[in-house]
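K.L.:
In order, the protein sequences belong to chains A, B and C. Final position of the first sequence in UniProt numbering is 350; the numbers increase by one with none missing. Final position of the second sequence in UniProt numbering is 350; the numbers increase by one with none missing. Final position of the third sequence in UniProt numbering is 350; the numbers increase by one with none missing. Following this message is one structure expressed as structure tokens.
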Amino acid sequence: MSRSMQIHEALQAFGLSTDDHDILGVSTLEQAGPHDLCFAEEAGQAAAVARSQAALILVGEDFPEVPGTTLLRVADPRDRFFEIAALFIPAPETEGIHPSAAIHPEADIGADVAIGACAVISAGVTVGSGSHIGPGTYLGPGVRIGSDCLIGPNVSILRDCEIGDRCILHPGATIGGDGFGFRWDGSGHRKVPQLGRAVIGDDVEIGCNSCVDRATLGITRIGQGVKIDNLVQVAHNVTVGRHTILVSQSGIAGSSALGDGVVVAGQVAISDHVQVGDGARIGGQAGVVKDVPPQAAMFGTPARPVKQALREHAALARLPDLLKQIKHQQETIERLESRLSRLEAGQSDA
Amino acid sequence: MSRSMQIHEALQAFGLSTDDHDILGVSTLEQAGPHDLCFAEEAGQAAAVARSQAALILVGEDFPEVPGTTLLRVADPRDRFFEIAALFIPAPETEGIHPSAAIHPEADIGADVAIGACAVISAGVTVGSGSHIGPGTYLGPGVRIGSDCLIGPNVSILRDCEIGDRCILHPGATIGGDGFGFRWDGSGHRKVPQLGRAVIGDDVEIGCNSCVDRATLGITRIGQGVKIDNLVQVAHNVTVGRHTILVSQSGIAGSSALGDGVVVAGQVAISDHVQVGDGARIGGQAGVVKDVPPQAAMFGTPARPVKQALREHAALARLPDLLKQIKHQQETIERLESRLSRLEAGQSDA
Amino acid sequence: MSRSMQIHEALQAFGLSTDDHDILGVSTLEQAGPHDLCFAEEAGQAAAVARSQAALILVGEDFPEVPGTTLLRVADPRDRFFEIAALFIPAPETEGIHPSAAIHPEADIGADVAIGACAVISAGVTVGSGSHIGPGTYLGPGVRIGSDCLIGPNVSILRDCEIGDRCILHPGATIGGDGFGFRWDGSGHRKVPQLGRAVIGDDVEIGCNSCVDRATLGITRIGQGVKIDNLVQVAHNVTVGRHTILVSQSGIAGSSALGDGVVVAGQVAISDHVQVGDGARIGGQAGVVKDVPPQAAMFGTPARPVKQALREHAALARLPDLLKQIKHQQETIERLESRLSRLEAGQSDA
Numbered sequence: 001m002s003r004s005m006q007i008h009e010a011l012q013a014f015g016l017s018t019d020d021h022d023i024l025g026v027s028t029l030e031q032a033g034p035h036d037l038c039f040a041e042e043a044g045q046a047a048a049v050a051r052s053q054a055a056l057i058l059v060g061e062d063f064p065e066v067p068g069t070t071l072l073r074v075a076d077p078r079d080r081f082f083e084i085a086a087l088f089i090p091a092p093e094t095e096g097i098h099p100s101a102a103i104h105p106e107a108d109i110g111a112d113v114a115i116g117a118c119a120v121i122s123a124g125v126t127v128g129s130g131s132h133i134g135p136g137t138y139l140g141p142g143v144r145i146g147s148d149c150l151i152g153p154n155v156s157i158l159r160d161c162e163i164g165d166r167c168i169l170h171p172g173a174t175i176g177g178d179g180f181g182f183r184w185d186g187s188g189h190r191k192v193p194q195l196g197r198a199v200i201g202d203d204v205e206i207g208c209n210s211c212v213d214r215a216t217l218g219i220t221r222i223g224q225g226v227k228i229d230n231l232v233q234v235a236h237n238v239t240v241g242r243h244t245i246l247v248s249q250s251g252i253a254g255s256s257a258l259g260d261g262v263v264v265a266g267q268v269a270i271s272d273h274v275q276v277g278d279g280a281r282i283g284g285q286a287g288v289v290k291d292v293p294p295q296a297a298m299f300g301t302p303a304r305p306v307k308q309a310l311r312e313h314a315a316l317a318r319l320p321d322l323l324k325q326i327k328h329q330q331e332t333i334e335r336l337e338s339r340l341s342r343l344e345a346g347q348s349d350a
Numbered sequence: 001m002s003r004s005m006q007i008h009e010a011l012q013a014f015g016l017s018t019d020d021h022d023i024l025g026v027s028t029l030e031q032a033g034p035h036d037l038c039f040a041e042e043a044g045q046a047a048a049v050a051r052s053q054a055a056l057i058l059v060g061e062d063f064p065e066v067p068g069t070t071l072l073r074v075a076d077p078r079d080r081f082f083e084i085a086a087l088f089i090p091a092p093e094t095e096g097i098h099p100s101a102a103i104h105p106e107a108d109i110g111a112d113v114a115i116g117a118c119a120v121i122s123a124g125v126t127v128g129s130g131s132h133i134g135p136g137t138y139l140g141p142g143v144r145i146g147s148d149c150l151i152g153p154n155v156s157i158l159r160d161c162e163i164g165d166r167c168i169l170h171p172g173a174t175i176g177g178d179g180f181g182f183r184w185d186g187s188g189h190r191k192v193p194q195l196g197r198a199v200i201g202d203d204v205e206i207g208c209n210s211c212v213d214r215a216t217l218g219i220t221r222i223g224q225g226v227k228i229d230n231l232v233q234v235a236h237n238v239t240v241g242r243h244t245i246l247v248s249q250s251g252i253a254g255s256s257a258l259g260d261g262v263v264v265a266g267q268v269a270i271s272d273h274v275q276v277g278d279g280a281r282i283g284g285q286a287g288v289v290k291d292v293p294p295q296a297a298m299f300g301t302p303a304r305p306v307k308q309a310l311r312e313h314a315a316l317a318r319l320p321d322l323l324k325q326i327k328h329q330q331e332t333i334e335r336l337e338s339r340l341s342r343l344e345a346g347q348s349d350a
Numbered sequence: 001m002s003r004s005m006q007i008h009e010a011l012q013a014f015g016l017s018t019d020d021h022d023i024l025g026v027s028t029l030e031q032a033g034p035h036d037l038c039f040a041e042e043a044g045q046a047a048a049v050a051r052s053q054a055a056l057i058l059v060g061e062d063f064p065e066v067p068g069t070t071l072l073r074v075a076d077p078r079d080r081f082f083e084i085a086a087l088f089i090p091a092p093e094t095e096g097i098h099p100s101a102a103i104h105p106e107a108d109i110g111a112d113v114a115i116g117a118c119a120v121i122s123a124g125v126t127v128g129s130g131s132h133i134g135p136g137t138y139l140g141p142g143v144r145i146g147s148d149c150l151i152g153p154n155v156s157i158l159r160d161c162e163i164g165d166r167c168i169l170h171p172g173a174t175i176g177g178d179g180f181g182f183r184w185d186g187s188g189h190r191k192v193p194q195l196g197r198a199v200i201g202d203d204v205e206i207g208c209n210s211c212v213d214r215a216t217l218g219i220t221r222i223g224q225g226v227k228i229d230n231l232v233q234v235a236h237n238v239t240v241g242r243h244t245i246l247v248s249q250s251g252i253a254g255s256s257a258l259g260d261g262v263v264v265a266g267q268v269a270i271s272d273h274v275q276v277g278d279g280a281r282i283g284g285q286a287g288v289v290k291d292v293p294p295q296a297a298m299f300g301t302p303a304r305p306v307k308q309a310l311r312e313h314a315a316l317a318r319l320p321d322l323l324k325q326i327k328h329q330q331e332t333i334e335r336l337e338s339r340l341s342r343l344e345a346g347q348s349d350a
């Protein structure tokens with residue numbers, strides 16, 4: 001079925017006759033042209049809707065009327081919009097197996113696999129069916145890639161690491177770098193051999209230039225459904241539970257374990273050997289230095305419960321004035337003391 | 001004109017006869033050899049000038065005399081120095097079109113373009129005249145590169161993204177990675193399709209291993225003349241105004257908009273959907289969680305006006321002693337209360 | 001000598017007859033199979049030892065008895081374990097010189113050098129004997145690599161930079177990017193030419209996607225034995241002393257100088273033109289804005305002595321309650337004042 005027919009069907013499923021609409025794309029209200037589909041969620045967007053050139057705008061049931069626009073009222077306009085938008089996802093950038101790819105004869109390449117130009121596939125690699133390996137990407141000896149993965153360009157996956165099914169790795173991601181471990185031998189830092197692996201579960205996405213190090217021994221494990229943003233660091237022997245989210249530039253130090261459904265915001269640091277419970281939420285730039293209970297919301301460096309941290313910040317904002325008040329109180333107390341002494345002297349005189 | 005003649009001319013333009021100077025390079029005072037040009041700005045550098053082996057040292061009009069050295073007095077020694085230093089910038093590392101580059105026949109490569117070994121140029125790419133594409137760099141389908149750009153090695157620019165004229169992209173920079181957007185569907189994070197693009201203006205520089213994500217819809221836009229340092233994250237749908245500076249390891253979350261001439265220092269985090277006004281200055285490691293007015297100077301997490309933040313930090317430093325003082329005051333107050341009660345009892349007795 | 005014989009000898013050196021043990025690997029207690037060697041350091045691990053399937057477990061002299069396991073008591077079980085574990089380090093991933101590598105005829109490649117597929121070696125490069133250059137890695141004109149280095153895949157080392165002997169560079173590391181220097185010329189940021197180099201000493205390790213910029217003039221210098229983790233930024237003209245450690249996502253701004261044996265923890269920012277003395281320890285996420293004396297331990301933003309910072313944080317946690325106490329004191333003082341005034345009035349009446 002062609003994409004335009006799919007769009008047609010999707011809109012008809014919303015009860016719309018689309019004979020008069022020729023939707024060729026999806027866009028924002030501001031940037032839409034006369035063949036674009038858009039959505040608006042909040043009544044406050046009515047002016048933007050009025051200004052938009054969009055062909056058709058999905059809105060909620062109670063969105064205000066906007067004369068001169070074609071609104072389609074649906075229960076959940078954002079979700080409906082993105083369902084249709086998904087039809088516009090372009091095909092993966094890499095197609096077929098490029099003749100310049102260096103594929104070792106002992107690699108096992110599945111059906112319908114695409115491998116980009118100048119990709120390098122080592123001995124003992126397995127690539128599951130339907131996966132795409134980007135140009136310039138390196139797969140080290142013994143690497144296993146599941147099915148239907150999209151591995152971007154210039155990715156490096158080092159020896160013996162495993163990637164699950166339906167994973168997406170963005171450009172420059174690095175899996176299986178050595179853990180950062182050294183012992184001082186009296187004259188220099190001796191390297192602790194890094195003999196483990198990194199194992200990435202199914203349905204994981206890893207952002208541009210992010211790093212997941214191999215374990216010293218055993219496995220650095222990223223659970224099923226985990227989403228990792230750009231420039232994130234996951235150190236050796238870390239365990240990340242299922243469906244956990246690591247936002248950009250966050251870092252998890254060695255041997256720490258995050259539960260399921262944790263949300264780690266941007267630029268968070270989690271120290272080594274820390275346990276973070278299921279469903280915990282770590283606020284932006286927090287520094288976690290000890291265990292976090294399940295469902296807890298933490299903030300600050302060192303990280304503490306977010307309510308406490310906000311109360312402290314509010315109190316801190318009052319501190320400069322407080323210093324003046326204390327000084328004033330001190331003077332008052334001293335005056336009181338003098339006055340009291342005089343009174344006492346008077347009484348004893350009496 | 002040869003470089004040595006250019007140097008000759010530049011020095012003569014400062015009124016210097018250069019017959020006795022054979023300047024072959026530029027350097028620091030400490031590391032200069034007998035054929036290097038240097039500069040010194042402050043009188044405090046006189047000892048370093050005396051120790052230097054430099055052939056010639058540009059100094060300000062009021063720099064002290066330093067016997068045994070050749071000083072050239074000019075109005076702005078740093079600027080004059082770097083004008084001459086610019087003559088020593090080596091040619092770009094990539095020349096010609098390397099036979100190992102994988103260039104799609106439907107790519108449009110301008111005049112005098114250089115393409116490095118193992119670079120990969122996809123269908124529909126346009127590269128403007130005089131641009132250099134580094135070895136191992138990937139340009140996805142439909143990418144447009146302006147004229148006179150320097151794209152370093154191992155850069156990844158994904159489908160449909162645009163780079164203006166005279167841009168410099170350093171190694172490992174990644175343009176057009178998917179925005180980080182998901183919706184929870186009850187059993188997992190469903191990917192929000194990332195259908196927009198990233199558009200980089202003219203005269204932009206982007207540092208090593210920095211990332212600019214494509215928009216979910218529409219455009220992630222980097223304005224003309226913006227300078228981005230290494231390891232910086234710019235998320236989906238961000239707008240960065242003209243001549244704004246993003247220092248190393250800073251991160252801008254989704255849909256935030258920075259004005260013109262903003263300075264974002266190192267390791268700053270700017271939350272999503274935040275507006276930062278023209279000319280604002282965000283101090284190192286700050287965490288911006290709400291809008292920042294134009295020209296404001298902010299510091300801390302959460303970010304607040306820098307004067308307030310510094311006053312709070314100064315007050316915080318006094319807090320431990322303050323706790324003792326409060327305790328002491330409390331005791332004094334209690335003693336006063338007892339004494340007062342005794343007095344009151346005495347008076348009522350009287 | 002085969003690896004199994006080496007293991008045999010190593011265990012015999014500990015006084016163990018190994019006839020009954022066929023050690024084929026090393027692992028953690030939890031993940032070990034029946035042919036793995038493990039170690040345990042603390043008595044608290046006795047239960048994990050009991051559960052482990054390991055063939056043999058190195059423990060300290062005073063480790064408790066654990067029935068049903070084979071314990072080997074040694075003085076320093078961790079060190080002994082990793083000495084044996086080192087026998088299991090696999091060979092480097094890159095072997096031989098791949099025909100797809102683009103090696104300039106004017107490059108000087110030493111004996112026993114391995115160069116991966118699609119690596120790009122420019123004119124004037126020198127690679128010392130026994131070094132391995134990963135697939136997709138770029139060495140710019142005039143780059144010098146010492147002997148016995150392991151340069152990973154997709155690394156970029158730009159013109160004229162130098163790497164010492166026995167260095168390890170992990171995937172995506174970038175050496176010699178331009179320093180981040182600009183001057184405002186009234187209409188835009190003019191690039192300050194970056195004419196220096198980066199020079200990396202012997203025995204240095206640099207993590208995945210980390211960046212060391214070239215100097216504006218002169219040299220950005222990484223001392224012998226320095227260990228740099230992933231995603232670290234080292235700016236132009238920085239000097240890092242011998243055996244200093246930079247943990248993941250830390251950043252050192254331009255022209256700062258770190259002494260020998262400094263430890264910079266994760267996500268630390270060190271401002272430009274700062275001196276950090278030998279043996280200083282900078283705690284995670286600290287922001288160093290002024291010089292740090294040798295051996296000092298610093299924490300917080302702005303960084304201050306760790307004891308002071310912790311005292312301040314403890315005091316801050318008490319601040320919200322303190323505000324209430326101050327308010328209460330204020331009321332008490334005012335009451336005292338009234339009572340005192342009444343007394344004084346009574347006395348003057350008397």
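Here a beta-carbon is modelled for each residue, glycine too, at the ideal position from N, C-alpha and C.
Chain C beta carbons: is any one of them nearer than 8 Å to that of residue 299 of chain A?
P.N.:
As a working mapping, residue 299 of chain A is identified with position 299 in the first sequence. No, residue 299 of chain A does not count as interfacial toward chain C.
K.L.:
Just to confirm my understanding: we take residue 205 of chain B, look at its own chain, exclude 5 residues before and 5 after, and list those with CB closer than 6 Å. What are they?
P.N.:
As a position in the second sequence, residue 205 of chain B is number 205, starting the count at 1. Contacts found: 168, 227.
K.L.:
When DSSP builds the beta bridges, which residues end up paired with residue 210 of chain B?
P.N.:
Counted from its first residue, the second sequence places residue 210 of chain B at position 210. According to DSSP, residue 210 of chain B bridges with nothing at all.
K.L.:
Could you check whether the Cβ of residue 231 of chain A sits closer than 8 Å to any Cβ belonging to chain C?
P.N.:
What you label residue 231 of chain A is simply residue 231 of the first sequence in a count that begins at 1. Yes, contact with chain C.
K.L.:
Could you tell me the boundaries of the alpha helix (DSSP H) in which residue 299 of chain B lies?
P.N.:
As a first step, residue 299 of chain B is located in the second sequence; it is residue number 299 there, counting from the start. Note, residue 299 of chain B: premise wrong, no alpha helix (DSSP H); beta strand (DSSP E) at 297-299.
K.L.:
Of the residues B/38, B/34, B/117, which one's Cα is nearest the Cα of residue 82 of chain B?
P.N.:
Taking the first residue of the second sequence as position 1, residue 82 of chain B is located at position 82. It is B/38 whose Cα lies nearest to the Cα of residue 82 of chain B.
K.L.:
Kindly identify the DSSP beta-bridge partner or partners of residue 39 of chain C.
P.N.:
On the third sequence, residue 39 of chain C is found 39 positions in, with the first residue counted as 1. Partner(s): C/58.
K.L.:
Between residue 314 of chain C and residue 139 of chain B, what straight-line distance do the alpha-carbon atoms span, to the nearest angstrom?
P.N.:
For this step, residue 314 of chain C is matched to residue 314 along the third sequence. For this step, residue 139 of chain B is matched to residue 139 along the second sequence. For residue 314 of chain C and residue 139 of chain B, the distance between alpha carbons rounds to 53 Å.
K.L.:
At 7 Å on the CB atoms, spell out the chain B contacts of residue 69 of chain A, in chain order.
P.N.:
Within the first sequence, residue 69 of chain A is the residue found at index 69, counting from 1. None at all; the shortest Cβ gap to chain B is about 18 Å.
K.L.:
Is the stretch 29-46 of chain A in contact with the stretch 56-63 of chain A, if contact means three or more CB pairs nearer than 8 Å?
P.N.:
A contact exists between the stretch 29-46 of chain A and the stretch 56-63 of chain A.
K.L.:
If the cut-off is 8 Å on Cβ atoms, which residues from the stretch 192-216 of chain B count as contacting chain C, listed in chain order?
P.N.:
Listed in sequence order: 203, 205, 207, 208, 209.
K.L.:
Span of the alpha helix (DSSP H) holding residue 82 of chain A?
P.N.:
In the first sequence, counting from the first residue as 1, residue 82 of chain A sits at position 82. Here the alpha helix (DSSP H) through residue 82 of chain A covers 77-85.
K.L.:
Taking the beta strand (DSSP E) that residue 73 of chain A belongs to, which residues open and close that run?
P.N.:
One-based indexing of the first sequence puts residue 73 of chain A at position 73. Where residue 73 of chain A is concerned, the enclosing beta strand (DSSP E) stretches over 71-73.
K.L.:
Can you grab the Cα-Cα spacing for the pair residue 220 of chain B / residue 54 of chain B, in whole Å?
P.N.:
Taking the second sequence and counting its residues from 1, the one referred to as residue 220 of chain B is at position 220. Taking the second sequence and counting its residues from 1, the one referred to as residue 54 of chain B is at position 54. Taking the straight line joining both Cα atoms gives about 47 Å.
K.L.:
As an exercise, report each continuous beta strand (DSSP E) stretch of at least 3 residues that is fully enclosed by the stretch 199-271 of chain C, in chain order.
P.N.:
With a minimum length of 3 residues, the continuous beta strand (DSSP E) runs that stay inside the stretch 199-271 of chain C are 211-213, 219-222.
K.L.:
On the CB-based measure, 16 or more other CB atoms within 10 Å of its CB, does residue 242 of chain A come out buried or exposed?
P.N.:
Along the first sequence, read from residue 1 onward, the residue named residue 242 of chain A stands at position 242. Looking at its Cβ environment, which holds 16 or more other Cβ atoms inside 10 Å, residue 242 of chain A is buried.
K.L.:
How far does the beta strand (DSSP E) with residue 183 of chain C in it extend, from its first residue to its last?
P.N.:
In the third sequence, residue 183 of chain C corresponds to position 183, counting from 1. Residues 182-184.
K.L.:
Name the one or two DSSP bridge partners that residue 174 of chain A has.
P.N.:
Walking along the first sequence from the start, residue 174 of chain A turns up at place 174. BP columns for residue 174 of chain A point to A/156, A/211.
K.L.:
By Cβ distance below 8 Å, which residues in the same chain neighbour residue 272 of chain B in space, the five residues on each side in sequence not counted?
P.N.:
Start at 1 with the first residue of the second sequence, and residue 272 of chain B comes out as number 272. Answer for residue 272 of chain B: 235, 253, 254, 255, 256, listed in chain order.
K.L.:
Tell me whether the stretch 20-29 of chain A and the stretch 207-225 of chain B touch, counting them as touching only if at least three CB pairs, one residue from each stretch, are closer than 8 Å.
P.N.:
Touching, per the Cβ criterion.
K.L.:
Mark residue 191 of chain C as exposed unless 16 or more other C-beta atoms lie within 10 angstroms of its C-beta, in which case mark it buried.
P.N.:
Your numbering for residue 191 of chain C matches position 191 in the third sequence. It counts as buried.
K.L.:
Can you name the start and end residues of the beta strand (DSSP E) that residue 166 of chain A belongs to?
P.N.:
In the first sequence, counting from the first residue as 1, residue 166 of chain A sits at position 166. Premise fails: residue 166 of chain A is in no beta strand (DSSP E) and is neither H nor E.
K.L.:
Taking the continuous alpha helix (DSSP H) assigned at residue 49 of chain C, which residues delimit it?
P.N.:
As a working mapping, residue 49 of chain C is identified with position 49 in the third sequence. Residue 49 of chain C -> alpha helix (DSSP H) spans 46-51.
K.L.:
Of the choices B/124, B/113, B/135, whose alpha-carbon is the least far from that of residue 148 of chain B?
P.N.:
For the purposes of this step, residue 148 of chain B is identified with residue 148 of the second sequence, where counting begins at 1. Answer by Cα proximity: B/113.
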